[in-house]
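J.: Input: one structure, supplied below.
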Amino acid sequence: MSQEKKKKDSILSLLKYAGKYKWPLMLCPVVMIGEVAMETYIPKLIQRLIDEAIPYSEQNGEISQVLLCGGLMIVMALISMCFGMAGSYLGAKGGMGFGRNLRQALFEKIQTFSFKNIDKFSTASLVTRITTDVNQTQNTLIMLVRMAFRSPIMFLMSLIYALQMNPSLTTILFIAVPLLAAGIIIIMRNAFPRFQIMMKKYDIMNREVQENLIAIRVVKAFVRSEFEKKKFGAAADDVTKAQRSAEKVVLWNGPMMQILMNGCIVAVLWFGGQQIIRGEMGVGALLTFITYITQILMALMMLSFLFLGIVLSRASISRILEVLHEEPDIANPENAVMEVKDGEIEFDHVGFSYAGDQDNLVLQDISLHIRSGETIGLIGATGSAKTSLVSLIPRLYDVTCGTLKVGGRDVRDYDIHALRDQVAMVLQKNVLFSGSINENLRWGSERATDEEITAACQAAAADDFVRSFPDGYETDLGQGGVNVSGGQKQRLCIARALLKRPRIMILDDATSAVDTATDARIREALRSHMPETTKIIIAQRITSVMDADRVVVLDNGRIADVGTHDELLARCEIYRDVYLSQQKGVA
Ligand SMILES: Nc1ncnc2c1ncn2[C@@H]1O[C@H](COP(=O)(O)OP(=O)(O)OP(=O)(O)O)[C@@H](O)[C@H]1O
Ligand SMILES: [Mg+2]
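Under the numbering used here, the first residue of the sequence shown is numbered 486, with each subsequent residue one higher.
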């Protein structure tokens, strides 16, 4: 990665996502200056109290000066507390708001991704980016707005006051500060690579969790939980080890700071004590001076932590930017066509590869003309690229070579929404969402009336079982539609697609979990329910496609033959083999 790119991956490049939260983010450092001003001024009052007010009151027998100093101190401490609280509030508000906006921006960006974009990142990694990485960035930003001004100003003001009070004693800092800087550099140098390793281990652990949870049913079905537990345990151990190794180094910060701080105090007491004896300095001044030295060292320490945080969040930031800068693979053309004329489909020497690689095509030289309203069966061994072929029609993926026309126009000319509205696809791996059956069906058409919903469910042979549920159409489906059986889910997905009243309807193995009789009922209903709609039915069972107008036989990404059931039975060997093997099963 070039130096320039690395530089760009700073938190500043994300600040535009702060939106309306930029005000608290900008106000926070200003308020923190107020806190610092108070904090650095209070020691001066201590000096006045001890060196002037107390002797004065002892001489005059009245304590007005002491009360004045003490009162001022209390007032300033209260003001400082208010500033501190306001600063924390503003920082948190701005930072959290920034995180919220950033998450929203990422989520919106991901919505524009094509299947290919999503394949590239993987779902698990996208989830990590939207959660862990955004949190990391948001926390760094909060620390940044709180410390970026506060620490340098604390350092400067304390240094100036210390110099004003006693330039000769301040020379102690000439030894202490380089020592502290050297210590911090050594610690950071050692800690930083360890933190980086720790973050990587976190990634691995997150991946384990996500993979396992997404596939929790499979894990249970294969009784793999013991194995998965061990795998997760190992990943969690790795994180702990890496974390311990990093913390072990950072641990030195505390003792180092203590030694330096106490060393400085001893030195100040030693040399300052002599000055007191010589009458050059008061006791109060000495105390105040010690406070300033402590504040200077603390400020440097905070700055070093801030620096560590910024560097550590770099990895997260570049992972976030990677998503934000990703070009959606499939975009709307200019002057997009909004209307799909009819359900005609024409493949003209179409080739397709998931990687866009011309030499390694999943689909090769596909030429096929489908008339509007025709019913096409699509059959072929698993992995013969049936799903890949139909995915091209709603432009889930783009063809690699050749052209694909729908309604007489290249699919790339259409507005993607307009095209997908007219091409309903019941996916092989389909999902329902949490919510009621009614809500899920309305994904197909928000304005569908109850009659339309019932009609669609009747056509998809879903009405009967939906009505058998106690809550009927209001039955809650649970996350991912867990409350219905596989075949019921498939029928609901078909009903949802039917409600779109599309020009082209694709059923990708959509009735695989439905018994043969119901399957036949659904096909019959489709025919009568939507005669003008082009229907493409992918199936493993010959019975599901035998009454189609034509059947396409795919073999290893190529069209082996096209014809009616009888024609294919007579001349296509692959088709006949499948047919005979399935007949045998029946016999
Ligand atoms: N997202 C993807 N990225 C890369 N390769 C893929 C992807 N999806 C499928 N493939 C590959 O493309 C080929 C065709 O897969 P496809 O899913 O189209 O087959 P299919 O005929 O639908 O199989 P099945 O009957 O099992 O559903 C397979 O070799 C598969 O490995
Ligand atoms: Mg498939």
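Yeah, the Cβ is synthetic: ideal placement off N, Cα and C, and Gly gets one too.
Out of Cys886, Arg585, Tyr526 and Leu530, state which residue places its alpha-carbon closest to the alpha-carbon of leucine 500.
T.: Closest by alpha carbon: Arg585.
J.: With a cut-off of 8 Å on the beta carbons, I'd call isoleucine 855 and valine 835 a contact; round off their distance for me.
T.: Not confirmed; about 13 Å, so no contact.
J.: Beta carbon of alanine 909, beta carbon of alanine 1010: below 8 Å?
T.: In this structure, alanine 1010 does not lie closer than 8 Å to alanine 909 by Cβ.
J.: In angstroms, rounded to a whole number, what distance separates the CA positions of glycine 965 and tyrosine 839?
T.: Roughly 27 Å between the two C-alpha positions.
J.: Note down the Cα distance separating alanine 1033 from glycine 957, rounded to an integer number of angstroms.
T.: Their Cα atoms are separated by approximately 33 Å.
J.: Would threonine 867 and aspartate 993 be called neighbours here (beta carbons separated by less than 8 Å)?
T.: Not a contact, by the Cβ cut-off of 8 Å.
J.: Please determine, among Gln589, Leu904 and Leu793, the residue with the shortest C-alpha to C-alpha distance to isoleucine 670.
T.: That would be Leu793, whose Cα lies nearest to the Cα of isoleucine 670.
J.: Looking only at C-alpha atoms, which of Ile539, Ala571 and Tyr526 sits nearest to leucine 512?
T.: The shortest C-alpha separation from leucine 512 is found at Ala571.
J.: Assuming alanine 1002 contacts arginine 976 (C-beta within less than 8 Å), just tell me the rounded distance between them.
T.: Not quite, the Cβ-Cβ distance comes to about 13 Å (not below 8 Å), so this is no contact.
J.: Starting from methionine 566, trace the alpha helix (DSSP H) both ways and give me its first and last residue.
T.: Run containing methionine 566: 549-596, per the alpha helix (DSSP H) assignment.
J.: Please name the residue or residues paired with serine 607 in a DSSP beta bridge.
T.: DSSP lists no partner for serine 607.
J.: Pick out whichever of Gly865, Ala752, Met786 and Phe583 has its Cα sitting closest to the Cα of glycine 1042.
T.: Residue Gly865 is the option with its Cα nearest to glycine 1042.
J.: With respect to the beta strand (DSSP E) encompassing threonine 1073, which residues constitute its N-terminal and C-terminal limits?
T.: Residue 1073 falls outside the range modelled here, since the chain spans only 486 to 1072, and no answer is possible.
J.: Quick check on leucine 781: buried or exposed, where buried means 16 or more other Cβ atoms within 10 Å of its Cβ?
T.: At residue 781 the sequence reads isoleucine, which differs from the leucine that was named. Flag for isoleucine 781 reads buried.
J.: Verify the contact flag: glycine 865, CB atom, against every heavy atom of ligand 1, threshold strictly below 7 Å.
T.: Answer for glycine 865: yes, Cβ within range of ligand 1.
J.: Using the three-state DSSP reduction, which class does serine 1049 fall into: helix, strand or coil?
T.: Just to set this straight, residue 1049 is threonine in the shown sequence, not serine. If DSSP states are grouped into helix, strand and coil, threonine 1049 belongs with coil.
J.: Rounded to whole angstroms, what's the CA-CA distance from asparagine 747 to leucine 772? Just pull it up for me.
T.: Approximately 14 Å, taken between the alpha carbons.
J.: So is the beta-carbon of glutamine 975 under 7 Å away from any non-hydrogen atom of ligand 2?
T.: Result no, Cβ not under 7 Å from ligand 2.
J.: Can you give, in chain order, each stretch of the alpha helix (DSSP H) that sits fully within the segment 729-792 and has at least 4 residues?
T.: The qualifying runs are 738-762.
J.: Can you round the beta-carbon distance between serine 869 and leucine 1039 to whole angstroms, since I take them to be within the 8 Å contact cut?
T.: Right, their Cβ atoms sit about 4 Å apart.
J.: From which residue to which residue does the beta strand (DSSP E) around valine 662 run?
T.: It is not in any beta strand (DSSP E) - valine 662 instead sits in the alpha helix (DSSP H) that spans 657-699.
J.: Give every residue of the same chain whose Cβ lies closer than 6 Å to the Cβ of methionine 561, excluding the five residues on either side of it in the sequence, and list them in chain order.
T.: Only Met523 and Ile527 meet the Cβ criterion.
J.: Measure how close the beta-carbons of valine 911 and isoleucine 1021 come, nearest whole angstrom, since I'm counting them as under 8 Å.
T.: Not quite, the Cβ-Cβ distance comes to about 10 Å (not below 8 Å), so this is no contact.
J.: Whole-angstrom Cβ separation of arginine 631 and methionine 766, contact assumed at under 8 Å?
T.: Not quite, the Cβ-Cβ distance comes to about 35 Å (not below 8 Å), so this is no contact.
J.: Would you tell me roughly how many angstroms separate the C-alpha atoms of glutamate 959 and leucine 984, rounded to the nearest one?
T.: Using only the alpha carbons, I get a separation of about 17 Å.
J.: Is proline 987 buried or exposed, if buried means 16 or more other CB atoms sit within 10 Å of its CB?
T.: Under this definition proline 987 is a buried residue.
J.: Under a three-way DSSP split, which group does arginine 927 fall into?
T.: The answer is coil: DSSP assigns arginine 927 none of H, G, I, E or B.
J.: Measure the C-alpha to C-alpha separation of asparagine 545 and alanine 770 and round it to an integer number of angstroms.
T.: The straight-line gap from Cα to Cα measures roughly 22 Å.
J.: If you follow the beta strand (DSSP E) that glycine 836 is in, where does it begin and where does it stop?
T.: Segment 830-837, the beta strand (DSSP E) holding glycine 836.
J.: Please say whether alanine 816 and valine 735 have beta carbons closer to each other than 8 Å?
T.: No. Outside cutoff.
J.: Shorter than 7 Å, the distance from the beta carbon of threonine 960 to the closest heavy atom of ligand 1, or not?
T.: Not under cutoff, so the answer is no.
J.: For serine 953, count neighbouring C-beta atoms within 10 Å of its own C-beta (all shown protein chains included) and say buried if the count is 16 or more, exposed if not.
T.: Result: exposed.
J.: Can you round the beta-carbon distance between valine 1036 and glycine 862 to whole angstroms, since I take them to be within the 8 Å contact cut?
T.: Indeed they touch by this definition, with Cβ atoms about 4 Å apart.
J.: Is threonine 872 near ligand 2 - that is, is its Cβ less than 7 Å away from at least one heavy atom of it?
T.: Answer for threonine 872: yes, Cβ within range of ligand 2.
J.: Beta-carbon within less than 8 Å of leucine 904's beta-carbon, same chain only, minus the 5 sequence neighbours each way: which residues are those?
T.: Correct list, in chain order: Val825, Pro879, Arg880, Val891 and Val896.
J.: Quick check: is any heavy atom of ligand 1 less than 7 Å from the C-beta of aspartate 1040?
T.: It does not: the Cβ of aspartate 1040 is nowhere closer than 7 Å to a heavy atom of ligand 1.
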